[in-house]
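Start counting the sequence shown at 453; every next residue gets the next number (this note's numbering).
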Amino acid sequence: MSRPDLLALTPQAIASVSNLGLVKRAQKEIEQGKAPRLEELADGTVVGTFEDGNTARLLPGKSLKDSPCSCNSTTVCRHRVAVALAYPAFASASSAAPAPEKAAEAAPEPPWSPGSVEDKALEELLPRRSLERAESLRQRGYLAQVRRGTFVGEDIPTVSLATCTVRFLVPRNLGYARCDCSVGTGCEHLPLAIWAFRAADAKDPTSRELSVEVAREHAASHEGGPAMDAASDLASFLLLEGAQHASTGLEGRFAVARSSLADVKMAWPLAALDELEDLLGAYVARGARYTPAKLSATLAELFARLRAARTSGAVPPRAVLGMDEAPETKLDYIRLVSLGARLFADGRERRAELVLADPASASLLVVRRAFTYAEDQTPEDGAELGRRQGAPGATLEALSRGQVVTSGATRLPDRLVVFSTRGLQRTSVTPQSGDWSLLPAPLLVKDVSALEASLRARPPRFLRPRQLAENVHAFEVSRVVDVAYSPGAQLVRAELEDAGGHGFLVELSHRRVAPGALDALAEGLGGKRGALRYLSGEVRRTARGLVVEPLALSCEGTGVVVLDMQPATATGPLRTAEDRPPLEPLPAALAELEGCLADAVHQGLRHVVPAWGTRLSAVASRVRELGMKRLAEELGALSKKLDAARASGLPGDEAALAAAWADAALRVTVGLEQLGA
453 MSRPDLLALT PQAIASVSNL GLVKRAQKEI EQGKAPRLEE LADGTVVGTF EDGNTARLLP
513 GKSLKDSPCS CNSTTVCRHR VAVALAYPAF ASASSAAPAP EKAAEAAPEP PWSPGSVEDK
573 ALEELLPRRS LERAESLRQR GYLAQVRRGT FVGEDIPTVS LATCTVRFLV PRNLGYARCD
633 CSVGTGCEHL PLAIWAFRAA DAKDPTSREL SVEVAREHAA SHEGGPAMDA ASDLASFLLL
693 EGAQHASTGL EGRFAVARSS LADVKMAWPL AALDELEDLL GAYVARGARY TPAKLSATLA
753 ELFARLRAAR TSGAVPPRAV LGMDEAPETK LDYIRLVSLG ARLFADGRER RAELVLADPA
813 SASLLVVRRA FTYAEDQTPE DGAELGRRQG APGATLEALS RGQVVTSGAT RLPDRLVVFS
873 TRGLQRTSVT PQSGDWSLLP APLLVKDVSA LEASLRARPP RFLRPRQLAE NVHAFEVSRV
933 VDVAYSPGAQ LVRAELEDAG GHGFLVELSH RRVAPGALDA LAEGLGGKRG ALRYLSGEVR
993 RTARGLVVEP LALSCEGTGV VVLDMQPATA TGPLRTAEDR PPLEPLPAAL AELEGCLADA
1053 VHQGLRHVVP AWGTRLSAVA SRVRELGMKR LAEELGALSK KLDAARASGL PGDEAALAAA
1113 WADAALRVTV GLEQLGA
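So, in structure tokens, the structure goes:
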């Protein structure tokens, strides 16, 4: 009888418990006819004998690491990897077809759920201290995203926790459960994942993917009440005074609110508060990071999170507040594949953000580097900036188009990753081929329509986790339909198709910090760098469909081309395209209203000029005519509360004014997201 656990092991799963180099080496040897000679014993042990005289034994119920090999390697060796890779073909060749009558009698085996594992099995498998830590976390309560799988290909049951991701590579064998934390196997996250599957099986046994809250802590929102009050008071003060009047002298108030949120572990309001302080600092320094729209959006987000935490909605309060996010998470030995980089310029400061994909956990990490140039220095751009150091022993350019193997990485709540060089922790950067076919969904998009549906079903951005690069994906490209250049907008626009023939748009505007990006994009889309296989970028949903702002291209024979780090070159003439079509009336009205509310944040509701009220009334009339009566009523209430606050100056009237602004800002944000504007 064949071993189901070995049959369920895919090459990617084997790589996650060993490393990709061993898997590729073993696959090459098998293709060359150097596969081990296999034998399956009566007790289920699979014995593999090699030409070099070594023998590997894969024991039932044991992982590859815990199975013996005569080479005496303490880690997963190439012999055990080769036996696991060769076993499916051996089992297929050696198994006889069942008799028709017996085949008819055999009932299909129900899919296995990790939730069926009993606590007794965990006690036998895990150290007592790991179970105690897990039980402590369960008593506090935690959130998890559960995804069921069939164990076919990359369809693996997965639980995404706040700090890590646990994957069950093989059914009924916890030895192959893999976590991307620094422990890797046998950690306290394994019981948390199993308990999450139990909760999911009890909540909805049919849904393929769902969120669950385990041992929900009902007092969480009340315990954090004072911290939320402090943050809300600060946000209201900023809204009333505005950036023009409250951009300095607030260090003490920010410190108190920040400390209160940190004490109750509210990661996302804390991150929003940090961003507010950074934006106000940029305004004082006349930095390009500050815009009234950014300040307005961050204030609206802070109001939304604090409100949602006090109510019971579709998104649990713990998730809205990020209470399950660890300040930092030590990662295990992992392999990361770069999907490109984006460069930013702000005065004499340059910043690079590199996006790295973790195929094992289907997640993205971001490496950030910042450089400040003195007055007598010329700030570097594009390819020159790419020669700066990005990781230990590697430049930004090499890191942005390569792959990383590290045993010394730390992940922050927003998915920023920091590499360490202390002790035995090592990080190496090597070139990659640009073959992104092994990236799992949703990192790799083969069906644009499915991605668009998932984006449409997400909660509003002010209730989602504050994670960097959350909208970055790699796209498998089957055809480049058209490429054009818009001189007025200095923008390259292209239409591409995925493998199913679904179209999507690619748009990239010229930026001074990346002088060669447009030329490199035009050459890559035009086939001058080889046939385009994949494209990575940040996606947004619009009324015209999905639009991707590209980071990198993967071309046949050229490899990965990181657009922002390409030198400026002269490319051939492109077809001239018209500028972007104007927005439809409703999205245009909402966009104008968004700008109007942002101007109020810049000036301060206590200090807005009379012309602002006239502008608000005009936009309110437009949205009423376009059918958004509830929003028009909220804008009317905002105008009345503004008059009342000006007349009385009482704290109660000003608090109502801030609440009215938040009502309108949140409704506008949701409207623009739903319309894809």
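Where is the CB? At the ideal position from N, CA and C, for every residue including glycine.
- With a beta-carbon spacing of about 5 Å, Glu-693 and Gly-1056 fall inside the 8 Å limit used to define contacts.
- For Asp-1051, the enclosing alpha helix (DSSP H) begins and ends at 1037-1055.
- By alpha-carbon distance to Glu-1125, the top candidate from Leu-973, Leu-1078, Glu-1085 and Arg-993 is Arg-993.
- Following the DSSP letters along the chain, one finds Thr-501 inside the beta strand (DSSP E) bounded by residues 498-501.
- Residue pairing by DSSP places Gln-696 in no beta bridge whatsoever.
- Rounded to the nearest angstrom, the Cβ distance from Thr-824 to Arg-800 is 6 Å, consistent with a contact under 8 Å.
- Here Gln-841 carries a strand assignment [DSSP, helix/strand/coil].
- The C-beta distance from Gly-593 to Glu-665 rounds to 7 Å, short enough to fall under 8 Å.
- Per DSSP, Val-1071 lies in no beta strand (DSSP E); the unbroken alpha helix (DSSP H) holding it starts and ends at 1062-1077.
- With contacts defined by Cβ atoms closer than 8 Å, Gln-855 and Thr-882 form a contacting pair.
- Given a length threshold of 3 residues, each whole run of the beta strand (DSSP E) inside the region 637-688 is given here in chain order: 661-666.
- Annotation: Ala-797 to Leu-731 spans about 15 Å, alpha carbon to alpha carbon.
- Between the region 471-481 and the region 618-634 there are fewer than three C-beta pairs closer than 8 Å, too few to call the two in contact.
- Taking 8 Å as the cut-off, the Cβ atoms of Leu-578 and Leu-644 do not count as close.
- Counting every other CB atom within 10 Å of its CB across the protein chains shown gives Thr-781 a total of 16 or more, marking it as buried.
- Under the criterion of beta carbons closer than 8 Å, Leu-1003 and Ala-814 do not qualify as touching, at roughly 18 Å.
- Under the criterion of beta carbons closer than 8 Å, Val-958 and Leu-987 qualify as touching, at roughly 7 Å.
- No Cβ-Cβ contact shorter than 8 Å links Lys-1093 with Ala-1117.
- Sequence-distant Cβ neighbours of Val-1120 in its own chain, meaning closer than 6 Å and more than five residues away, are Leu-1042, Leu-1045 and Glu-1046.
- The criterion of a C-beta distance shorter than 8 Å is satisfied by Ala-822 and Arg-803.
- In the DSSP assignment, Val-618 is bridged to Val-611 and Cys-631.
- For Ala-734, same chain residues with a beta-carbon under 7 Å away, outside a window of 5 residues either side, are Arg-741 and Tyr-742 in chain order.
- The DSSP assignment places complete alpha helix (DSSP H) segments of no fewer than 4 residues inside the region 862-950 at 900-908, in order along the chain.
- Taking all protein chains shown into account, Gly-567 has 16 or more neighbouring C-beta atoms within 10 Å of its C-beta and is therefore buried.
- The beta carbon of Ser-712 lies closer than 8 Å to those of Pro-678, Ala-679, Ala-682 and Ala-683 in the same chain, with the five residues before and after it left out.
- Cβ neighbours of Arg-1067 within its own chain (closer than 6 Å, five residues either side excluded): Cys-1048.
- Counting C-beta pairs with one atom in each stretch, the region 767-779 and the region 996-1012 have fewer than three that are closer than 8 Å, which means they do not touch.
- Where Arg-585 is concerned, the enclosing alpha helix (DSSP H) starts and stops at 580-592.
- Distance from the Cα of Leu-574 is smallest, within the candidate group Glu-640, Val-598 and Thr-507, for Glu-640.
- DSSP links Ile-786 through a beta bridge to Thr-858.
- Taking 8 Å as the cut-off, the Cβ atoms of Val-818 and Leu-806 count as close.
- Of the residues Arg-916, Ala-921, Glu-661 and Leu-510, the one whose Cα lies closest to the Cα of Val-991 is Ala-921.
- The three-state reading of DSSP puts Asp-798 in strand, counting E and B together.
- For Ala-709, the closest alpha carbon among the candidates Ser-688, Asp-457 and Arg-581 is that of Ser-688.
- Just so you know, the alpha carbons of Leu-970 and Gly-978 end up roughly 12 Å apart.
- By the beta-carbon neighbour count (other beta carbons within 10 angstroms, threshold 16), Gln-919 is buried.
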